[in-house]
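Enquirer:
Protein chains in written order, with this note's numbering: chain A, 15 to 210; chain B, 53 to 274; chain C, 11 to 401; chain D, 13 to 416; chain E, 26 to 128.
1) Interface residues of chain A around residue 149 of chain C at Cβ under 7 Å?
2) Does the distance from the C-beta atom of residue 283 of chain C to that of residue 82 of chain C stay below 9 Å?
3) Can you give the Cα-Cα distance for residue 89 of chain A and residue 265 of chain C, rounded to whole angstroms?
4) Taking 8 Å as the limit between beta carbons, can you name the residues of its chain near residue 218 of chain C, skipping five residues before and five after?
5) Look at residue 54 of chain C and residue 132 of chain C and say whether their C-beta atoms are less than 9 Å apart.
6) Does the separation of the CB atoms of residue 377 of chain C and residue 235 of chain C fall below 9 Å?
7) Which residues of the stretch 135-161 of chain A have a Cβ closer than 7 Å to any Cβ of chain C? Give them in chain order.
8) Report, in whole angstroms, the separation of the C-beta atoms of residue 157 of chain B and residue 149 of chain B, which I expect to be a contact under 8 Å.
9) Restricting to runs no shorter than 3 residues, where is the beta strand (DSSP E) found entirely within the stretch 350-404 of chain D?
10) Using the rule of at least 16 other Cβ atoms within 10 Å of the residue's Cβ for burial, across every protein chain shown, is residue 331 of chain D buried or exposed?
11) Could you tell me which chain E residues have their CB closer than 9 Å to the CB of residue 26 of chain A, listed as they occur along the chain?
12) Under the assumption that residue 105 of chain E contacts residue 51 of chain A (Cβ atoms under 8 Å), give the Cβ distance between them as a whole number of angstroms.
13) Checking contacts by CB at 9 Å: is residue 275 of chain C closer than that to chain B?
14) Using the beta-carbon of each residue, which ones in chain C are nearer than 7 Å to residue 305 of chain D?
15) State the Cα-Cα distance for the pair residue 141 of chain A and residue 44 of chain E, rounded to the nearest angstrom.
16) Determine, using beta carbons only, whether residue 103 of chain B comes closer than 9 Å to chain D.
17) Is there a Cβ of chain D sitting closer than 9 Å to that of residue 152 of chain B, yes or no?
18) Tell me which residues share the same chain as residue 266 of chain D and place their Cβ nearer than 6 Å to its Cβ, disregarding the 5 neighbours each side in the sequence.
19) Along the stretch 159-187 of chain D, where does the CB come closer than 8 Å to a CB of chain B? Name the residues.
20) Using the C-alpha atoms, what's the distance from residue 158 of chain C back to residue 115 of chain A?
21) Among C:300, C:70, C:328, whose alpha-carbon lies nearest the alpha-carbon of residue 211 of chain C?
22) Could you tell me which residues DSSP pairs with residue 104 of chain B in its beta bridges?
23) Using CA coordinates, which residue listed in D:399, D:94, D:56 is at the minimum distance from residue 329 of chain C?
24) For a contact defined as C-beta to C-beta under 8 Å, what are the partners of residue 115 of chain E on chain A?
25) Could you check if residue 124 of chain E is buried or exposed, using at least 16 other CB atoms within 10 Å of its CB as the buried criterion?
26) Going straight from the alpha carbon of residue 136 of chain D to that of residue 245 of chain D, what length do you get?
27) My output table needs one value for residue 144 of chain B: the three-state DSSP class, helix, strand or coil.
28) Determine which residues share a DSSP beta bridge with residue 87 of chain D and list them.
29) Taking the alpha-carbon positions, what's the residue 40 of chain D to residue 75 of chain D distance?
30) Would DSSP call residue 215 of chain C helix, strand or coil?
31) Excluding the five sequence neighbours on either side, which residues of its own chain have a C-beta within less than 7 Å of the C-beta of residue 231 of chain C, listed in chain order?
32) For residue 91 of chain D versus residue 406 of chain D, is the C-beta distance shorter than 9 Å?
33) Alpha carbons only, please: which of C:331, C:384, C:322 is nearest the one belonging to residue 173 of chain D?
34) State buried or exposed for residue 161 of chain C, treating a residue as buried only when at least 16 other CB atoms are found within 10 Å of its CB.
35) Among D:55, D:61, D:58, D:84, whose alpha-carbon lies nearest the alpha-carbon of residue 387 of chain D?
36) Please return the same chain residues whose Cβ sits closer than 7 Å to the Cβ of residue 301 of chain D, not counting the five positions on each side in sequence.
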């Protein structure tokens with residue numbers, strides 16, 4: 015029973031954060047709510063005894079992806095609220111309709127399938143040691159490919175986002191200043207001020 | 053000896069701060085703080101804060117003659133003097149004015165000491181009190197004659213060198229004045245046989261007084 | 011000896027024996043939480059005063075010594091001041107985020123202490139992947155810094171927040187990478203097991219990771235990254251008070267400011283505790299005969315020593331500039347951590363072929379070579395100069 | 013990553029400001045288009061007058077692109093106290109305490125500059141002993157001014173007070189000397205036309221010799237603490253470069269000018285006072301950046317110590333003030349004079365016009381801080397906010413002198 | 026133990042919410058967030074089926090999720106970089122204004 019209460023709380027938390035993430039007006043708020051939703055998802059993973067995945071989920075989604083999206087929002091002046099967006103607008107109705115439609119399409123089959131009410135085996139765990147061994151044996155090729163993908167994604171992201179502006183050559187070079195006449199052309203003041 | 057591996061400068065800095073940290077436990081050079089309200093540093097003799105007025109014996113012996121030189125010379129114009137209406141005899145026996153009002157606004161005073169420097173009567177000197185904070189920014193910061201007046205003994209206590217020098221000068225002047233007075237008295241005694249002695253004495257003393265005043269006035273004018 | 015070592019464990023079990031069996035997990039957790047909050051809350055108060063006193067001594071002055079005996083009640087006075095101050099929220103601020111930011115910073119940090127082994131049998135929860143958990147809960151602080159800076163609606167705050175996020179992201183990479191050699195050679199992500207792996211003695215000296223070349227290098231790199239990660243000088247750019255007032259904290263006052271302060275120190279404590287666990291043998295005694303001293307005392311002794319190093323650094327070095335900070339991370343620290351991983355590999359595979367001392371020298375030599383090389387590369391344009399004189 | 017980071021700092025800062033927020037107008041965020049045609053958001057930051065590192069009530073109106081400065085306007089005048097106009101109502105003697113308050117760190121050199129001008133105007137000559145005393149107190153002033161400056165500079169760099177506290181520790185010793193000599197630690201009001209106000213107290217020279225002989229130890233300690241520090245090198249080398257030409261044409265003087273490689277020290281060129289008698293050198297920098305300005309000050313301290321050693325050993329006995337010189341009620345004959353000295357901050361000049369009355373007809377001060385400050389923008393363009401702070405610190409301004 | 030269907034229900038709802046966000050929002054960043062939600066929902070399924078499946082001893086579902094998370098990270102990095110690149114050319118992140126293939 016406590017399990018179910020925890021689970022329900024997690025569901026409410028995750029889903030409301032997710033709804034907030036896609037419906038709030040200010041994109042910064044959206045990104046922050048998304049971080050909350052991802053964290054809620056990680057809690058759900060914990061409930062499924064997948065500790066490593068839960069922590070990885072937080073590390074990657076909360077620590078990296080939501081920060082990245084915040085950066086993207088700020089870099090694109092995304093904080094400017096869409097001027098016409100009312101709190102409740104026509105897109106809400108569309109959104110609710112789509113959500114309900116999709117959810118129905120998914121959930122009706124799930125709940126009509128009796129086999130899915132099965133009870134989990136008492137113990138199931140994937141210790142980190144095992145995950146590591148699997149990654150290095152059965153899943154070696156996918157892991158290598160993944161490394162390649164991440165590297166290329168890193169390079170690709172940098173290249174795409176790179177500015178076209180030429181980098182400054184040297185921080186010791188000083189912009190030439192023309193405000194003052196140069197020392198040579200300065201007319202010498204002849205007035206002798208020390209005469210009393 | 054200089055090691056020039058990367059980060060050597062930072063390491064040297066760490067050594068230096070560690071030396072200071074450890075030194076603060078045994079070397080007074082490395083812990084220079086004087087914890088003020090409990091411990092106070094002895095003030096050097098020359099220290100000056102705000103002016104005060106010197107008197108001999110008691111307030112009636114205020115040396116100030118209300119000549120207003122300090123009032124005029126004060127760069128910040130923080131001195132206000134009103135002359136008394138009656139004259140008193142000073143330590144030389146001369147008849148001098150004393151200030152009826154002598155106010156210094158120490159909120160304005162910048163402790164430059166020019167008043168003490170220009171005073172021809174060694175009357176205004178620089179004090180050494182420095183705990184002058186008050187709750188009110190106006191009235192308590194205007195020092196009146198009563199607060200400003202301090203004894204010659206106090207002057208001796210805070211500026212011994214200056215005070216001794218001043219006293220010797222004054223003693224000298226007094227001695228001269230006394231000799232002169234004695235001579236005058238002798239002359240008076242000698243002249244006592246002559247007619248109209250009172251008038252002559254009065255005229256004489258008056259002329260001394262006026263000439264002193266005239267000197268002061270002249271000094272002010274320049 | 012054993013009873014003193016296990017005194018807290020025994021105490022907890024004794025207390026739990028009064029709790030009904032159904033509630034024992036909850037009771038156990040609560041007891042751990044109370045203990046952690048009490049210990050590290052006190053450590054926070056103590057650190058603030060000791061830091062101020064230490065900095066004072068470094069700077070030839072005694073530091074705060076007015077409140078209570080030797081000034082040790084100063085944290086109480088500070089707390090009273092902080093709590094009674096007016097809590098000012100700027101008119102244009104995003105009120106909700108402004109309110110939430112200190113909470114988001116402070117709460118997850120407490121979680122990090124759950125996995126640290128403070129002594130023999132003394133970690134609040136036993137997790138298989140405890141170091142991943144540690145870094146996962148630490149990632150919330152970036153969000154908190156952003157929330158604080160952005161919601162304050164102040165330019166200095168925003169600059170500070172941007173600096174803060176970029177800095178934390180950049181230094182999280184070397185922070186994690188510098189722990190990798192330890193994980194590699196211990197073969198586990200579990201902090202308790204990492205401590206156990208360092209529990210042996212050779213010639214009476216503890217087999218701590220820091221006594222190996224990769225461990226020493228990793229420790230250095232970890233400490234640098236930890237300094238940056240916890241926004242301490244010389245990496246205190248997000249708050250750089252001489253440049254951007256107080257950075258993302260500019261618009262905070264009163265209790266919220268105190269919470270930020272608390273959160274930053276807790277973050278520092280957490281990474282320091284991790285450094286002790288990973289490199290300094292956790293709660294193990296340095297010398298075999300010192301095993302009589304309780305294990306938790308060793309942990310906190312090492313912990314205090316590392317905190318003192320942070321304070322020392324704060325009193326010594328000036329602050330970096332922002333681009334230099336990032337260059338330092340990406341062009342110096344990150345490559346060195348990668349080199350260190352390789353060094354750890356060499357160390358591991360050469361164990362059968364080479365004598366200990368030779369192995370040590372080779373591994374240290376490789377690392378120091380790269381260190382010097384990368385350092386030169388980083389400071390190409392800079393050198394001490396000579397000056398000429400005119401008569 | 014570095015380019016990504018560059019983008020992060022580019023234009024992102026206005027992200028925080030909503031269109032409909034009242035701050036939008038206040039922020040002064042402006043949209044410009046660069047050559048590539050994509051919008052950059054520039055942010056105007058008003059650094060000061062309440063800012064931890066503007067050295068007083070000074071404001072820098074900075075427009076930044078990310079953290080890079082594209083425009084900087086120094087705004088000063090918050091500490092204007094009307095010194096030049098006040099002088100027209102004051103006696104010649106009464107002006108001296110006001111000069112203390114120009115550059116309130118170095119009152120001795122301010123006194124000297126003014127007194128020298130009046131002496132030139134009225135033809136007084138300071139006595140031999142007074143000249144020596146003047147040199148001694150001025151070089152002591154230079155010592156602690158430079159020590160404070162490097163301390164403040166490192167404070168601006170974020171060194172959390174340690175170098176500053178060490179500098180202040182030494183400064184206290186010199187201030188103690190000044191206190192026992194003049195009665196005041198900072199507002200000395202010491203020099204008079206034709207000499208100085210009071211003679212050296214008993215034992216003062218020995219104390220001064222002790223301070224001077226201990227001082228190199230402090231400089232060594234200070235340099236060990238920070239000069240080789242890689243962070244200092246990284247922060248200051250190549251930052252805030254002031255070219256030789258610009259420095260000359262902008263009228264920059266003092267250590268700043270010498271850091272740019274120009275051999276110009278009024279102690280050498282004018283040989284005012286008795287500086288021609290002393291053997292000392294003028295250190296010159298080649299790069300004109302913040303590090304050179306820092307080092308020049310450190311080296312100048314060592315040269316000042318040489319002067320002090322010579323002066324303290326050679327000082328003759330004799331009167332401290334020319335008996336013919338008149339201080340109170342001075343009325344110099346009508347005329348005009350400009351006199352200058354090498355104050356620790358640069359060329360400090362007093363231009364006095366007398367109409368024969370008891371107050372100057374006009375008095376104008378050439379404050380080195382102000383003139384040196386005028387090129388702040390040229391040094392800061394293209395640098396970051398953090399650099400601007402240390403560049404300002406390396407200029408060595410005192411707002412009392414800038415605003416007068 | 027919470028039955029499997031509960032987890033699948035959460036997964037389905039999260040997927041629906043993410044899908045609605047991806048379809049209805051105009052801001053490209055938030056569309057990306059919606060897609061991440063859908064990925065997260067899929068991960069949920071993997072984990073749930075692994076936990077309730079017979080093959081508890083082999084971490085198959087875990088493996089799949091590890092790779093999904095890595096892909097999601099790469100996708101987010103590239104996607105956001107693309108958004109920034111597009112913004113630089115068109116000064117907008119509103120998807121409906123990105124209606125031209127010409128850069």
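We put the CB at the ideal spot given by N, CA and C, even for glycine. On a predicted model such as this, the values are computed, not experimentally measured, just so you know.
Expert: Looking at the atomic coordinates:
1) 72, 73, 76, 77
2) no
3) 32 Å
4) 208, 225, 289, 290, 291, 294, 296
5) no
6) no
7) 141, 142
8) In fact, because the Cβ distance is near 22 Å, the residues do not count as touching under 8 Å.
9) 358-366, 374-378
10) exposed
11) Chain E residues near residue 26 of chain A: none, gap ~10 Å exceeds 9 Å.
12) No, residue 105 of chain E and residue 51 of chain A are not in contact; Cβ-Cβ is about 18 Å, not under 8 Å.
13) no
14) The premise fails here: residue 305 of chain D is roughly 12 Å from chain C at the closest Cβ pair, so nothing lies under 7 Å.
15) 33 Å
16) no
17) no
18) 357, 358, 380
19) 174, 178, 181, 184
20) 39 Å
21) C:300
22) B:177
23) D:399
24) Those do not exist, as residue 115 of chain E stays about 10 Å from chain A at its closest Cβ, beyond 8 Å.
25) exposed
26) 48 Å
27) coil
28) D:71
29) Below a pLDDT of 50, predicted positions are generally treated as unreliable, and residue 40 of chain D, at 38, falls in that range; no measurement from the model is reported.
30) strand
31) 184, 188, 343, 346, 347, 350
32) no
33) C:322
34) buried
35) D:84
36) 248, 249, 250, 251, 252, 253
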